[in-house]
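> The structure's right below; bear with me while I get my questions together.
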Amino acid sequence: MATVLLVRHGRTTANATGQLAGRTPGVHLDDHGRGQAALTGERIAAVPVVGVVSSPLERCAETARAIVERQSGTPFSSVEPDLTECDYGRWQGRQLSDLATEDLWRVVQSQPSAVVFPGGESMAGMQARAVAAIRRHDAAVEAEHGPGAVWVAVSHGHIIKSVLADALGMHLDVFQRLEVGPASVSIVSYGASRPRVSATNTDSGDLSWLAKAIPSGDAAVGGGAGTPDADGGGAGAPAEDGRTPRIVT
Numbered sequence: 164m165a166t167v168l169l170v171r172h173g174r175t176t177a178n179a180t181g182q183l184a185g186r187t188p189g190v191h192l193d194d195h196g197r198g199q200a201a202l203t204g205e206r207i208a209a210v211p212v213v214g215v216v217s218s219p220l221e222r223c224a225e226t227a228r229a230i231v232e233r234q235s236g237t238p239f240s241s242v243e244p245d246l247t248e249c250d251y252g253r254w255q256g257r258q259l260s261d262l263a264t265e266d267l268w269r270v271v272q273s274q275p276s277a278v279v280f281p282g283g284e285s286m287a288g289m290q291a292r293a294v295a296a297i298r299r300h301d302a303a304v305e306a307e308h309g310p311g312a313v314w315v316a317v318s319h320g321h322i323i324k325s326v327l328a329d330a331l332g333m334h335l336d337v338f339q340r341l342e343v344g345p346a347s348v349s350i351v352s353y354g355a356s357r358p359r360v361s362a363t364n365t366d367s368g369d370l371s372w373l374a375k376a377i378p379s380g381d382a383a384v385g386g387g388a389g390t391p392d393a394d395g396g397g398a399g400a401p402a403e404d405g406r407t408p409r410i411v412t
């Protein structure tokens, strides 16, 4: 089975000022975000990825470019509209502190499956199109490059959280329990019987073990011996410290 690295874009000017950017054009990485994207690109450089698929928004394109530029090979680059940010409708462009006073904010926190943003899309619809896009690209990558292929999808906080929730078998109503920080890397492999989530929300740690194919098949009873890294030991990286707001863009 192929493996996808789900990468959130680095910090933006909107993130730094507490604004819900949504699909607003012209929102770019700030200096800190460019540094985050560069570090993520360096981490992923240890893995020969076959391609990088990005949301069309500038902040994701800039993060994707930082990843591609650090690859020793020539991965394909493409844009996927269905990985774009949630359509927040009339919430777009407003301050998070202001939005937190609205009744809908509490529904976003506790029952996102019931949320339809005013003048925008539903969170359930957001998840459906994002999951479908990831699974579609993953199947295409495996068909063309084989079951050991690794590829990258660069997207947004809520998009990646919704994809992870699906892979983990979680209902959308509890997906706010997940954290996906700026420029973080989460790892999912889609097998014939179930997805396998190898890591979520990592912002440090060696990824070179991904150069070896993740074993397919049934899960080992008792947990197994783990995925070997480049040195033959256990793999993995510490998770971030939970600094992502509950509305992330």
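For the sequence shown, this note's numbering begins at 164 and goes up steadily by one.
Ideal Cβ positions, reconstructed from N, Cα and C, are used throughout, including at glycine.
Note that the structure is predicted; figures quoted are calculated from it, not measured.
1) When you compare each of V170, E221, G173 to P188 by their alpha carbons, which one comes out closest?
2) Taking the CB atoms as reference points, tell me whether W314 and V213 lie closer together than 7 Å.
3) Verify whether the separation of the beta carbon atoms of P281 and R253 is less than 7 Å.
4) Given A165, which residues of its chain have a CB within under 6 Å of its CB, disregarding the five upstream and five downstream residues?
5) Between the C-alpha atoms of V279 and F338, what's the straight-line distance to the nearest angstrom?
6) According to DSSP, is R171 helix, strand or coil?
7) Please report the distance separating the alpha-carbon of L267 from that of K375.
8) Say the cut is 6 Å; is the CB of V351 nearer than that to a heavy atom of the ligand HEM?
9) By DSSP's criteria, R359 is part of a beta bridge. Which residues make up the other side?
10) Out of curiosity, what's the CA-to-CA distance linking G256 and R299?
11) From the DSSP secondary-structure annotation, give me the bridge partner or partners of S371.
12) Going by alpha carbons, who is nearest to H321 out of L202, T264, P244, D250?
In terms of the structure at hand:
1) Looking up residue 188 in the sequence shown gives position 25. Nearest C-alpha to P188: E221.
2) Counting from 1 along the sequence shown, the entry for residue 314 is found at position 151. Counting from 1 along the sequence shown, the entry for residue 213 is found at position 50. Cβ atoms of W314 and V213: closer than 7 Å.
3) Position 118 of the sequence shown, counted from the start, is the residue given in the question as residue 281. Position 90 of the sequence shown, counted from the start, is the residue given in the question as residue 253. Result yes, Cβ atoms of P281 and R253 sit closer than 7 Å.
4) Taking the sequence shown and counting its residues from 1, one reaches residue 165 at position 2. Excluding residues within five positions, the ones whose Cβ falls inside 6 Å are D301, V304, E305, A312.
5) On the sequence shown, residue 279 is found 116 positions in, with the first residue counted as 1. On the sequence shown, residue 338 is found 175 positions in, with the first residue counted as 1. Approximately 16 Å, taken between the alpha carbons.
6) Taking the sequence shown and counting its residues from 1, one reaches residue 171 at position 8. R171: strand per DSSP, three-state reduction.
7) Taking the sequence shown and counting its residues from 1, one reaches residue 267 at position 104. Taking the sequence shown and counting its residues from 1, one reaches residue 375 at position 212. Near 45 Å, if we compare the C-alpha coordinates of K375 and L267.
8) Looking at this structure, you won't find the ligand HEM or any other ligand, since it has none at all.
9) In the sequence shown, counting from the first residue as 1, residue 359 sits at position 196. DSSP lists S352 as partners of R359.
10) As a first step, residue 256 is located in the sequence shown; it is residue number 93 there, counting from the start. As a first step, residue 299 is located in the sequence shown; it is residue number 136 there, counting from the start. Cα to Cα, the separation comes out at about 31 Å.
11) In the sequence shown, counting from the first residue as 1, residue 371 sits at position 208. Bridge partners of S371: none, in fact.
12) Here residue 321 refers to the residue found at position 158 of the sequence shown. If we check each option's Cα against that of H321, D250 comes out closest.
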